[in-house]
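Novice:
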Amino acid sequence: GAASRRLGWGRSQPLPICTRSAQGGVRGCSRLPQRTPRAETGAMPSSHDYADDPRNADILISMRQHPAGGSGNGAFTHVHRNDAKVSVFDSGFMLGDGVWEGLRLHRGVMLHARTHV
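With the numbering used here as the guide, the letters of the sequence shown map in order to residues 24 to 140.
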């Protein structure tokens with residue numbers, strides 16, 4: 024949710040929620056608890072639900088070393104997930120050319136089908 028920082032596919036870390044005094048100083052901070060899975064709450068399924076997988080904490084990401092700007096040779100390299108980056112000059116970042124819409128299935132049922140058609 025909005026109170027979690029995405030750490031990669033299926034991992035999140037609660038962010039601190041801080042209250043401020045009238046003078047602007049920090050009064051106190053606490054961390055929100057992890058979300059309860061929707062299956063346990065009976066809430067409607069969401070495309071943002073996920074199952075934590077501890078194996079994802081220490082994975083390598085395949086990245087291409089782009090030759091543009093004189094750095095890299097276009098070859099793929101593997102970096103730890105904490106070191107993975109997207110250039111601010113990437114066309115998907117600058118132009119939004121990676122915009123797409125997907126239809127989600129949950130246990131064989133299409134979610135929110137009427138809003139997609």
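Note that CB positions come from ideal geometry on N, CA and C, so glycine has one too. Owing to the predicted nature of the structure, the values given are computational and were not obtained by experimental measurement.
1. To the nearest angstrom, report how far apart GLN88 and LEU118 are at their CA atoms.
2. Can you name the start and end residues of the alpha helix (DSSP H) that PHE116 belongs to?
3. I'd like to know if the stretch 131-138 and the stretch 100-117 are in contact, where contact means that at least 3 CB-CB pairs between them fall below 8 Å.
4. On the DSSP bridge assignment, give the partners of VAL132 in chain order.
5. Out of curiosity, what's the CA-to-CA distance linking ARG127 and THR100?
6. Chain C beta carbons: is any one of them nearer than 9 Å to that of VAL102?
7. If distances are taken between C-alpha atoms only, which option among THR138, ALA98, GLY115 and SER85 comes closest to ALA107?
Specialist: Taking the structure as given:
1. 21 Å
2. 114-118
3. no
4. HIS129
5. 32 Å
6. Annotation note: the requested chain C is absent from the structure, which comprises a single protein chain.
7. SER85
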